[in-house]
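In order, the protein sequence lines correspond to chains X and Y. If you read the first sequence in my numbering, its first letter stands for residue 30, the second for the next number, and so on. If you read the second sequence in my numbering, its first letter stands for residue 30, the second for the next number, and so on. Virtual Cβ for every residue (Gly too), placed ideally from N, Cα, C. The model shown is predicted, which means the values in this text are computed figures rather than measured ones.
Number of protein chains: 2
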Amino acid sequence: MAKRETTKDKILNAAEALFAEHGFEQTSLRQITAEADVNLASVNYHFGSKKALIQAVMARYLEVLMPALNAEFDQLEPRAQFSTRDVFDCFREPLNALKKVRKGGPTIFLSLLGFAYADIQGHLRRYTMEHFGEVMHRLLALLHVANPNLSPADMFWRLHFVLGASVFAQVSGPALREIAAADFGESIAADQVVDRLIPFLAGGVDAPTA
Amino acid sequence: MAKRETTKDKILNAAEALFAEHGFEQTSLRQITAEADVNLASVNYHFGSKKALIQAVMARYLEVLMPALNAEFDQLEPRAQFSTRDVFDCFREPLNALKKVRKGGPTIFLSLLGFAYADIQGHLRRYTMEHFGEVMHRLLALLHVANPNLSPADMFWRLHFVLGASVFAQVSGPALREIAAADFGESIAADQVVDRLIPFLAGGVDAPTA
DNA sequence: GCATATTTTAAACATGCGTTTTAATTTAAA
DNA sequence: TTTAAATTAAAACGCATGTTTAAAATATGC
Numbered sequence: 030m031a032k033r034e035t036t037k038d039k040i041l042n043a044a045e046a047l048f049a050e051h052g053f054e055q056t057s058l059r060q061i062t063a064e065a066d067v068n069l070a071s072v073n074y075h076f077g078s079k080k081a082l083i084q085a086v087m088a089r090y091l092e093v094l095m096p097a098l099n100a101e102f103d104q105l106e107p108r109a110q111f112s113t114r115d116v117f118d119c120f121r122e123p124l125n126a127l128k129k130v131r132k133g134g135p136t137i138f139l140s141l142l143g144f145a146y147a148d149i150q151g152h153l154r155r156y157t158m159e160h161f162g163e164v165m166h167r168l169l170a171l172l173h174v175a176n177p178n179l180s181p182a183d184m185f186w187r188l189h190f191v192l193g194a195s196v197f198a199q200v201s202g203p204a205l206r207e208i209a210a211a212d213f214g215e216s217i218a219a220d221q222v223v224d225r226l227i228p229f230l231a232g233g234v235d236a237p238t239a
Numbered sequence: 030m031a032k033r034e035t036t037k038d039k040i041l042n043a044a045e046a047l048f049a050e051h052g053f054e055q056t057s058l059r060q061i062t063a064e065a066d067v068n069l070a071s072v073n074y075h076f077g078s079k080k081a082l083i084q085a086v087m088a089r090y091l092e093v094l095m096p097a098l099n100a101e102f103d104q105l106e107p108r109a110q111f112s113t114r115d116v117f118d119c120f121r122e123p124l125n126a127l128k129k130v131r132k133g134g135p136t137i138f139l140s141l142l143g144f145a146y147a148d149i150q151g152h153l154r155r156y157t158m159e160h161f162g163e164v165m166h167r168l169l170a171l172l173h174v175a176n177p178n179l180s181p182a183d184m185f186w187r188l189h190f191v192l193g194a195s196v197f198a199q200v201s202g203p204a205l206r207e208i209a210a211a212d213f214g215e216s217i218a219a220d221q222v223v224d225r226l227i228p229f230l231a232g233g234v235d236a237p238t239a
């Protein structure tokens, strides 16, 4: 028999949901503790600070994603030839694995990542970069192999355009899906956004310069 | 002889600079009035509220950009054939015209737009969309002509990926330029970022689906 | 030049935030 | 059961924000 949900977990779960919907700064500890039905002070008791809570929320996903992503890269790296598309497809499985963390995990995580990345000069940017720095470098190297014609500087910028498109697509995803549903009469699942995103990104990276 | 800079303008200019650098929410009225060297209460006296001030800052640019952009579209629309690249190139001149508002106007405006877009559920999103709604629809229609093979839903999403990449490139532009300068020993002007962006966007939009 | 309207100023207000404190309570170990 | 540790609870703290007030200063129109 599983122990009843602990206070710490109640906080993490409530925080995660609110963060993914409204962002980190826009979510107050009072909202979180009300949603989690725990005392306000328990956040600082269990996590020490709001910053630490945010990082704890991210950590649950990063611990699953990072090994999986590196494994995919390990598999691709030794190959003599691969395409830009092959590189981006490396993200599919690791992202999908986040379903193990939670139903809707992939979407939730990408939203969190988006808010972290959008938080331009906060501690989150640094925290995220620390955890993604290695991935970014491997990604740059792999993309360079797939596109030897592009200069490192060009590839640098394109990689960041890629990040921008991905991140904002997720952050504004819910709002956009509403509009899409209204305009086109079809509701679009979050997974399908990634499916639509990857060809776009590959096309952008593979585009001729100038 | 021009009258000495009025309080209202001092506020607008200081606010614009701070907003473009740190975002709307992250900039306080006290920072703005200190920078402008005016009294704190004068913001509410002249503009009524912070929200109204933000909109006034945006308005100075939108009033220049919108007519120019619609003029470009008017020119392209009757043509029998045009490419995705042609559509995106419509933005070059209108953006460039923002230099009339201020030195560095194009970059400043795109930063402001980026923060407005990133502010997901604030009033800014609605305000921006109200002013860009028509442009968005024209843009969608034009892109559909340039890419008749893409379904409206696909094009809708790709347009938003385009927005995400653009917005992000501007918001995190300064930080990225620093990194790029350090890594590649080349300093990149803001205008050149747009030059790098447009081929990427066109490549993404033109990419095959699936 | 005076009366009136406009603008500037300093101070305070109300609110919400993350955090801290201190005491009560529950849990676990001896 | 008793004692010690861990957790929960309520309240307050200190701070920053946007906004409002009311008096002082300035500019405007007759």
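Test: residue i CB closer than 8 Å to a CB of chain X
i               : result
V94 of chain Y  : Correcting the residue identity first, residue 94 of chain Y is Leu in this sequence and not Val. Closer than 8 Å: no.
G133 of chain Y : no
T113 of chain Y : no
F76 of chain Y  : no
A194 of chain Y : yes
D118 of chain Y : no
R225 of chain Y : yes
F213 of chain Y : yes
L105 of chain Y : no
M30 of chain Y  : Confidence at M30 of chain Y is low in this model, with a pLDDT of 44, below 50, so its placement is unreliable and no value can be given for it.
beta-carbon residue i near the ligand ATP non-hydrogen atom, thresh 7 Å
i              : result
H51 of chain X : Here there are no bound small molecules, and the ligand ATP is not part of this structure.
Three-way DSSP call (helix, strand, coil) for residue i in this model
i               : result
P177 of chain X : coil
E159 of chain Y : helix
M30 of chain X  : Confidence at M30 of chain X is low in this model, with a pLDDT of 43, below 50, so the placement of that residue should be treated as unreliable; the coordinate-derived value is given next. Correct three-state label for M30 of chain X: coil.
D249 of chain X : Here chain X comprises residues numbered 30 to 239, so residue 249 of chain X is not present and cannot be evaluated.
V67 of chain X  : coil
K132 of chain X : coil
S78 of chain Y  : coil
A49 of chain X  : helix
E101 of chain X : helix
P228 of chain Y : helix
R154 of chain Y : helix
D148 of chain X : coil
F197 of chain Y : helix
R108 of chain X : coil
E54 of chain Y  : coil
F213 of chain Y : helix
T113 of chain X : helix
A43 of chain X  : helix
F138 of chain Y : helix
A236 of chain Y : coil
T35 of chain Y  : coil
F120 of chain X : coil
Residue-level contact to chain Y via CB, residue i, 8 Å cutoff
i               : result
F197 of chain X : yes
F229 of chain X : yes
G232 of chain X : yes
D235 of chain X : yes
A109 of chain X : no
T238 of chain X : yes
E34 of chain X  : no
Beta-carbon separation (whole angstroms), residue i vs residue j, contact threshold 8 Å
i               : j               : result
A10 of chain X  : A147 of chain Y : Residue 10 of chain X falls outside the range modelled here, since chain X spans only 30 to 239, and no answer is possible.
S140 of chain X : A49 of chain X  : 4 Å
E45 of chain X  : I137 of chain X : 7 Å
Q84 of chain Y  : Y156 of chain Y : 6 Å
G133 of chain Y : V200 of chain Y : So it is not a contact: roughly 15 Å between Cβ atoms.
L17 of chain Y  : F190 of chain X : Residue coverage of chain Y in this structure runs from 30 to 239, which leaves residue 17 of chain Y outside it and unanswerable.
D115 of chain Y : A175 of chain Y : 7 Å
A47 of chain Y  : L58 of chain Y  : Sequence check: residue 47 of chain Y is Leu here, not Ala. No, L47 of chain Y and L58 of chain Y are not in contact; Cβ-Cβ is about 10 Å, not under 8 Å.
K128 of chain Y : P135 of chain Y : 6 Å
T243 of chain Y : S71 of chain Y  : What the structure shows of chain Y is the stretch from 30 to 239, and residue 243 of chain Y is not part of that stretch, so it cannot be assessed.
P237 of chain Y : A239 of chain X : Rounded, the Cβ-Cβ distance is 22 Å, inconsistent with contact.
On the three-pair Cβ rule with 8 Å, is the region 228 to 237 of chain X touching the region 225 to 239 of chain Y? yes
If you pair each beta-carbon of the region 37 to 57 of chain X with each one of the region 76 to 94 of chain X, do three or more pairs fall below 8 Å? yes
If the cut-off is 9 Å on Cβ atoms, which residues from the region 181 to 192 of chain X count as contacting chain Y, listed in chain order? P181, A182, D183, F185, W186, R187, H189, F190, V191 and L192
Does the count of Cβ pairs from the region 155 to 164 of chain Y and the region 161 to 168 of chain X closer than 8 Å reach three? no
Output, in sequence order along the chain, the residues in the region 36 to 64 of chain Y whose CB is closer than 8 Å to any CB in chain X. H51, G52 and E54
With a threshold of 8 Å, are at least 3 pairs of Cβ atoms found where one atom belongs to the region 174 to 185 of chain X and the other to the region 173 to 192 of chain Y? no
Could you tell me whether the region 113 to 124 of chain X touches the region 92 to 105 of chain X, where touching means 3 or more Cβ pairs closer than 8 Å? yes
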